Every structure is written in C-alpha cells, then in structure tokens.
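Working notes, structure below.
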Amino acid sequence: MALLPIIYAPDPRLKIKCRPVETVDQSVRDLTRDMLETMYAAPGIGLSAPQIGDTRRILVCDVTREGEDRQPIQLVNPEIVWSSDELYLAEEGCLSLPDHFAEIERPSEVRIRYLDQQGESQEMSADGLLAACVQHEMDHLEGILFVDYLSPLKRNIILRKMKKLKRQKEAA
Ligand code: GNR
Ligand code: NI
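First residue of the sequence shown? That's 1 in our numbering, and the numbers climb one at a time after it.
Here's what the structure looks like:
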C-alpha cells in the first residue's frame, strides 16, 4: 500500500490525454488500490491516474459520507454510453486545485461502460454527485480540469493563485 503524491495545477502532466489500459494486470490492480488509499487520505471523493502522474485511463471514486460504509468504485477505460439531457449543477472541487470551487453543470445521469479489476466489461449507471464525480474524473483522463469550463478571467485568477502557492511550497 502506498500514498501517492498528488500533482497540482498548472502542470503539463494534467493536460495529457491518457491511453487505454491494454490488460488489467496486477500493476493496474496495485495502482488502483493505491489511488483509492490516496483518495481516502486526501480526503476526496474521486481521483484519476494523471493526478498521481500515471497516463493510463484509470479512475476511482467513492461518494459515501464519513461514517457510512465505503463503496469504492474502480473504473478502467471508462466510456460514457448514454447521458441524460437533464443537467445537474454541482459545486466541484479538485485535489489538483486545492481550496478552489466552482459550480459546474453536467448531465445529471450517465451510463458508463468500463473494465472491472478482472478485466471484464461492465456497465453502471450514476446520478447526482456520483455522476458529477465520474464525469469530472473522466475529464482528467482527457486532460481537462473543471477550471477549463470557467471564463478565462475566472480560470486565470485560480491558476495564478495556484502558481503562487506552488512557488511558496518550493521556497518552504
Ligand atoms: O474531492 C473531489 N470532490 C468533487 C466534488 C464535486 C465534483 C467532483 C469532485 S472530484 C474531487 C476530487 C478530484 O479532484 N478528483 O479528480
Ligand atoms: Ni479533480
């Protein structure tokens, strides 16, 4: 088990389009387990491979609240096969943009095809916060951050603050 360092924006590694996993082997299972551990420790409700410096199409999430039984979701090569016309507005945050939040509108319900940890093709439906989270993670696999949906003005304010934060961390 290992906690993996999370990459902060702006960083070219967060702008890469990730590549599909060819075989769900032990290295994929190990990475997925470490990603879940890192997500719970952060804490966050989702985490994608590029945020920890891996370029494979892998994401994890768990939107259960503290105190509830955990319901970890682990998706390899996820694809949206259907999305609702109805939209849902969620206040989104991102572990790669700590302390920044914005309301983002996305389809309220999605159906996703993915490979499970045995490499079997599966489908799942998600709505509400889980749907928002899975779509947020799938955006990461395309190199897209939630700030990319904001106006250039708002995006640049956030990214400038992030650059300043990173400079302070480097100096410390
Ligand atoms: O912890 C997170 N919270 C969150 C809230 C609303 C919509 C999406 C998310 S995902 C985020 C963790 C993260 O950065 N995943 O990439
Ligand atoms: Ni994120």
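Glycine included, every Cβ here is placed at the ideal spot set by N, Cα and C. If you're wondering where the values come from, they're calculated on a predicted model, not measured in any experiment.
Taking 7 Å as the cut-off, is the CB of residue 61 close to at least one heavy atom of the ligand NI? Position 61 of the sequence shown, counted from the first residue, corresponds to residue 61. No, Cβ of residue 61 sits at least 7 Å from all heavy atoms of the ligand NI.
Work out the CA separation of residue 18 and residue 109 for me, nearest whole Å. On the sequence shown, position 109 is the one that residue 109 refers to. On the sequence shown, position 18 is the one that residue 18 refers to. Looking at the two C-alpha atoms, the distance is approximately 24 Å.
In the DSSP output, what is residue 105 paired with across the bridge? If you number the sequence shown from 1, residue 105 lands on position 105. Paired residue(s): 89.
Cβ-heavy atom distance between residue 140 and the ligand NI below 7 Å? Working through the sequence shown from its first residue, we reach residue 140 at position 140. Indeed, a heavy atom of the ligand NI lies less than 7 Å from the Cβ.
Rounded straight-line distance, which links the Cα of residue 76 to that of residue 37: Stepping through the sequence shown from its first residue, residue 37 is reached at position 37. Stepping through the sequence shown from its first residue, residue 76 is reached at position 76. Residue 37 and residue 76: Cα-Cα distance of roughly 17 Å.
Can you determine whether any heavy atom of the ligand NI sits closer than 7 Å to the C-beta of residue 129, and answer yes or no? As a position in the sequence shown, residue 129 is number 129, starting the count at 1. For residue 129, the distance from the CB to the nearest heavy atom of the ligand NI is not below 7 Å.
Quick one: grab the DSSP three-state call for residue 170. Mapped onto the sequence shown, residue 170 falls at position 170. Helix, per DSSP.
Would you call the CB atoms of residue 58 and residue 4 closer than 8 Å? The sequence position of residue 58 within the sequence shown is 58, counting from 1. The sequence position of residue 4 within the sequence shown is 4, counting from 1. Going by C-beta atoms, residue 58 is not nearer than 8 Å to residue 4.
If we count the other Cβ atoms within 10 Å of its Cβ and call it buried at 16 or more, is residue 50 buried or exposed? Within the sequence shown, the letter at position 50 stands for residue 50. Classification for residue 50: buried.
Terminal residues of the continuous beta strand (DSSP E) containing residue 127? For the purposes of this step, residue 127 is identified with residue 127 of the sequence shown, where counting begins at 1. For residue 127, the enclosing beta strand (DSSP E) stretches over residues 121-127.
With residue 131 and residue 152 assumed to form a contact (beta carbons below 8 Å), what rounded beta-carbon distance in angstroms separates them? For this step, residue 131 is matched to residue 131 along the sequence shown. For this step, residue 152 is matched to residue 152 along the sequence shown. So it is not a contact: roughly 27 Å between Cβ atoms.
Nearest to residue 61 by CA position, among 166, 43, 88, is which residue? By one-based count along the sequence shown, residue 61 stands at place 61. Answer by Cα proximity: 43.
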